[in-house]
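In my numbering, the protein residues as written are 368 to 553. Even glycine gets a Cβ: it sits at the ideal position worked out from N, Cα and C. Notes follow once the structure below has been shown.
Given below as structure tokens:
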């Protein structure tokens, strides 16, 4: 059995050994990271690569293209997944652009308007991906999933817009509404 002073010595020794081990690992990691990278300039700013990020216009459009390929192959489950992802991305982007636009309102109207334009563009893409998703649900014989999506589009786009009219027509074909919608353009 170890005496109290032996236990203290053992605990102290183990602590020193652990500290030395951690210090040597940290030193090796630091040495490796400084030898493998170029010196960093403090004021260097690198933009986010928008083409590789899913949270981007290009990322959402890529998902929509993948969904189109899946639809053409008859893989509606994969298409629905891709369209839901695209819809989520476009919705987030639209909200982010709106928030940025509101932040710059009254400070820099040029920036505020640019962000609002980004919000409108991504909201339109969100609604287009939502419409495609509703059509996929119809093809899967799941009209109960298509109805709320079509109503969201009409509320977002306006019933008289092209996408709004097409969405209402889908509701009519499903049998959710009984009265056809006629505009002065028809």
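Do residue 490 and residue 504 have their C-beta atoms within less than 9 Å of each other?
No, the Cβ-Cβ distance between residue 490 and residue 504 is not below 9 Å.
Helix, strand or coil, according to DSSP, for residue 472 in the structure here?
Judged by DSSP in its simplified three-state form, residue 472 adopts coil rather than helix or strand.
Would residue 451 count as contacting chain C if we go by Cβ distances under 9 Å?
Of the protein chains in the structure, only one exists, and it is not chain C.
If we count the other Cβ atoms within 10 Å of its Cβ and call it buried at 16 or more, is residue 493 buried or exposed?
Label assigned to residue 493: buried.
Use the C-beta contact count for residue 484: other C-beta atoms within 10 angstroms, 16 or more gives buried, fewer gives exposed.
So residue 484 counts as exposed.
Using the C-alpha atoms, what's the distance from residue 459 back to residue 477?
When rounded, the distance between both Cα atoms is 22 Å.
Where do the ends of the alpha helix (DSSP H) carrying residue 540 lie?
According to the DSSP assignment, residue 540 belongs to the alpha helix (DSSP H) that extends over 529-541.
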